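Notes follow the structure.
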Amino acid sequence: MDNFFQSKCLDFIESADADALAFSYLDFKTSTFESFVVTKKEFQSSQPKNIWFDLASLTKPLTNSYLALKENNLSQDLELLLNHKAGLPAWAILDKSNWREYIKSFSVKESETLYSDLSALRFMLEMEDKYKINYRDYFKPVWKDNLKYWLDLDGSEQTLQNGFYGGKPNIGKVHDPNAYNLKTITSHAGVFGTIDGLSNVLLNMNESLEMLEKLKNLKRDARFAVGFDTVGQDTLAGEGCSPLSFGHLGFTGTSFWIDPELQRGWVLLSNSTKYFWFNKTGLNTLRRELGERVWKN
């Protein structure tokens, strides 16, 4: 792998509010990847490649998009929910006792794109009802040991701090407040993974579901495509990728982007929300620089 990637990540981590940064270069032509992890000098880890990152909203494509690609023919309502065009609010504080009923109470109606956690959760509830599945049971054999819901972490995994709960560092638990408070499986956040684990899952999604081919041939008429984010002007995917590229961002400082024409992609994981969530200027600059190098190198 080009030394540029590790050099950029090392420069970033020394001044960032993060303990670790992981990067992977994906080659879909050969179904292989190369990866590395860099950590702060004061951060102790005997096996940095085994660090489990809170993937945050990468959970959405790893669950909802996976099922959409597998089942292919979705109803119009499900398509709208998957692509954040169903008119549901972007977010709400959910009550543990009635959150399912609350989310199902909204009428699905075609609307302008509004990125919505509630829409992602409604899609999960509808798919569980339709296919008589439980997301937790369904995805365990799909992910094998590569990814885990936070509720299935057993304490042996090395995880990182993301924010605080009750004034104490949040380590080993999901950062998203709804996923944390509901204490159940959700499709908008809650999945953890190592850099190699996520890389393997993305390659497997392509091999088993023809992901790149389907996204390459999909008619694009909105921002989201099969639940994946797409590229626009000044994209965080980095300059040089084709307009057909797709991926997703995670609130904790995670991301992946894939170009189906170039048949390559990249993954960046971090815990940039260790202390703060609002300053991601440096992280976004790094994302663009790494992405541009992947597409143009």
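Position one of the sequence shown corresponds to residue 0 (numbering that gives the first Met the number 0), numbered consecutively onward.
All C-beta atoms in this analysis are idealised placements derived from N, C-alpha and C, irrespective of residue type, glycine included.
Only a predicted model underlies this, so the values are computations on that prediction, with no experimental measurement involved.
Tell me the DSSP bridge mates of residue i?
i    : result
G264 : L25 and I257
A224 : F227
A19  : T38
V190 : Y148
I50  : Q157
K167 : Y164
S269 : L20
In terms of residue numbering, what span does the beta strand (DSSP E) encompassing residue i cover?
i    : result
Q160 : Q160 to Y164
E206 : Premise fails: E206 lies in the alpha helix (DSSP H), I194 to L208, not in any beta strand (DSSP E).
E33  : T31 to T38
G246 : F245 to G249
L146 : L146 to Y148
Would residue i and residue j qualify as a contact pair, given that the criterion is a beta-carbon distance under 8 Å?
i    : j    : result
L54  : T284 : no
N161 : N63  : no
F32  : L181 : no
E125 : L66  : no
W149 : G189 : yes
G295 : A17  : The identity of residue 295 in the sequence shown is Lys, whereas the question assumes Gly. Their beta carbons are not under 8 Å apart, which means K295 does not touch A17 by this criterion.
G249 : L57  : yes
Specify, as a first and last residue, the run of the alpha helix (DSSP H) that residue i falls within.
i    : result
E70  : Y65 to E70
N283 : T280 to K295
I181 : In the sequence as presented, Ile is not what sits at residue 181; that position holds Leu. Per DSSP, L181 belongs to the alpha helix (DSSP H) from P176 to L181.
K7   : N2 to S14
Given 7 Å as the limit, tell me if residue i has its C-beta closer than that to any heavy atom belonging to the ligand GDP.
i    : result
V293 : Among the components modelled here there is no ligand, and therefore nothing to report on the ligand GDP.
Is residue i close to chain D, meaning its C-beta is less than 8 Å from at least one C-beta of that chain?
i    : result
T183 : As a matter of chain content, chain D is missing from the structure shown, which is built from one protein chain.
message: Would the stretch 192-202 count as touching the stretch 82-96 if we require 3 or more Cβ pairs under 8 Å?
response: Segments in contact, no.
Given 8 Å, three or more beta-carbon pairs between the stretch 203-214 and the stretch 255-262: At 8 Å Cβ cutoff, the stretches touch.
task: Answer yes if the stretch 45-53 comes into contact with the stretch 281-295, meaning at least three C-beta pairs across the two stretches below 8 Å, and no otherwise.
output: With fewer than three CB-CB distances shorter than 8 Å, the stretch 281-295 does not count as touching the stretch 45-53.
- request: Could you tell me which uninterrupted alpha helix (DSSP H) segments, each at least 4 residues in length, are contained entirely in the stretch 53-139, listed from first to last along the chain?
  value: Here the runs fully enclosed are 65-70, 75-81, 98-103 and 116-130.
message: For the pair the stretch 163-178 and the stretch 215-226, tell me if three or more CB-CB distances fall below 8 Å.
response: The way I'd put it, the stretch 163-178 doesn't touch the stretch 215-226; fewer than three beta-carbon pairs between them come closer than 8 Å.
message: Assess contact between the stretch 0-8 and the stretch 19-29, defined as three or more Cβ pairs (one per stretch) separated by less than 8 Å. Is contact present?
response: Contact holds: three or more Cβ-Cβ distances are below 8 Å.
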